[in-house]
Amino acid sequence: MPELPEVETTRRGLEPHLVNQRIMTVIVRNPRLRWPIPSQLAAELPGQRIHTVQRRGKYLLLDCDKGSLILHLGMSGSLRVIDAATPPEKHDHFDLLLEGGAAMRLRDPRRFGAVLWAKGDVLAHPLLASLGVEPLTEDFSGNWFYTQTRTRSAPIKQVLMDSHLVVGVGNIYANEALFRATINPKTAANRIGLERCTKLVEAVQTTLQLSISAGGSSLRDFVDSNGNPGYFQQQYWVYGRTGLTCKQCGAAISQIKQGQRSTFYCPRCQAR
DNA sequence: CGCCAGGCCTGCACGC
DNA sequence: TGCGTGCAGGCCTGGC
Numbered sequence: 031m032p033e034l035p036e037v038e039t040t041r042r043g044l045e046p047h048l049v050n051q052r053i054m055t056v057i058v059r060n061p062r063l064r065w066p067i068p069s070q071l072a073a074e075l076p077g078q079r080i081h082t083v084q085r086r087g088k089y090l091l092l093d094c095d096k097g098s099l100i101l102h103l104g105m106s107g108s109l110r111v112i113d114a115a116t117p118p119e120k121h122d123h124f125d126l127l128l129e130g131g132a133a134m135r136l137r138d139p140r141r142f143g144a145v146l147w148a149k150g151d152v153l154a155h156p157l158l159a160s161l162g163v164e165p166l167t168e169d170f171s172g173n174w175f176y177t178q179t180r181t182r183s184a185p186i187k188q189v190l191m192d193s194h195l196v197v198g199v200g201n202i203y204a205n206e207a208l209f210r211a212t213i214n215p216k217t218a219a220n221r222i223g224l225e226r227c228t229k230l231v232e233a234v235q236t237t238l239q240l241s242i243s244a245g246g247s248s249l250r251d252f253v254d255s256n257g258n259p260g261y262f263q264q265q266y267w268v269y270g271r272t273g274l275t276c277k278q279c280g281a282a283i284s285q286i287k288q289g290q291r292s293t294f295y296c297p298r299c300q301a302r
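According to the numbering used here, the residues represented by the first sequence are 31 to 302, in order.
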């Protein structure tokens, strides 16, 4: 389940293998992702050079000569750089063959991911244009978050996961950050004061940073890696720990549903 | 067999 | 009226 740290780790792993590489061939084995992979890619991409590998939210952006390739991993997607001769497996839907014999291969069993092509300003693409602030920049501050949430009466967890406000905070890290900030996930966002907003913003940043740092250790093995950099090393405070004891206070971790998503929290540490 | 997990878009209903 | 907001549905497969 790639969240921002996994996407950023993937970006860092891809970057040295892709930048300044020329695309030789595009292989689409199954175009049926969240949206169809554009059929013109196979004709349009070969010959183009990749200039940068960037990230916006959970989208990876490969800036090429004549446009940008937009990649999203959905919830089960992974990207690897492998030898182009490696036989594809069942859910390997998309390859970019590079000069020199390497390939970037997308695997996505559940096909919630996306491969799209944007000409011109990629950030103006409909999927990217209305995204919120990047959580690891100064734009995401306690003051800003406090101001933004005054009109939001929804539970703080759902507001935190609104990608039109702040990007990259998925279910796992929303739960973890709220624990760190000792805020109850059900609290209405506009009932959280400036001080606690600041605490929450810092908790989000700490949670994401720590996770990126953990994922970084697998970067060296990105080529031929399992394609899930960092993901298996996670240590969670609350996520997936229903009924287990809180690592902070020993109370039993609760699980509830919010907006059709599972929420985990410590009823004692996160009382309000 | 049924249910659940996950990201996030789309479409719809609601209130100011 | 129009907009912001919040809710629900849908897309998929693997694992229990």
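All C-beta atoms, glycine included, are put in the ideal place defined by N, C-alpha and C. These numbers were taken from a predicted model, which means no experiment stands behind them.
Contact between L48 and M134 holds: their C-beta atoms lie close to 7 Å from each other, under 8 Å. Positions of the alpha helix (DSSP H) runs, each at least 4 residues long and wholly inside the stretch 93 to 125, cannot be given because no such run exists.
Secondary structure of T40 (DSSP, three-state): helix. Cα atoms of C296 and A204: separation of roughly 14 Å, rounded to the nearest angstrom.
Pairing G143 with T40, the inter-Cα distance amounts to about 14 Å. Taking the C-beta atoms as reference points, P215 is found no nearer than 9 Å to I283. In the three-state scheme derived from DSSP, where H, G and I count as helix and E and B as strand, A301 is classed as coil. Contact between I186 and Y269 fails: their C-beta atoms lie close to 16 Å from each other, not under 8 Å. Here P35 is buried: its Cβ has 16 or more other Cβ atoms, across all protein chains shown, within 10 Å. Taking the C-beta atoms as reference points, L161 is found nearer than 9 Å to R86. For the pair S292 and G200, the Cα-to-Cα distance works out to about 11 Å. For A73, the closest of A233, I53, C276 and E119 by C-alpha to C-alpha distance is I53. The secondary-structure analysis by DSSP pairs T272 with nothing; it has no beta-bridge partner.
Across the set V56, E33 and E206, the C-alpha of E33 shows the shortest separation from the C-alpha of S106. A direct Cα-Cα distance of roughly 16 Å separates K229 from T167. In the structure shown, A282 adopts extended strand secondary structure according to DSSP, grouped into three states. Here the C-alpha atom of G223 lies approximately 7 Å from the C-alpha atom of Y176. Residue state for V163 is assigned as strand, using DSSP reduced to three classes. Beta-bridge partners assigned by DSSP to A144: H102. Linking H102 to L92 through their CA atoms gives a straight-line distance of about 11 Å.
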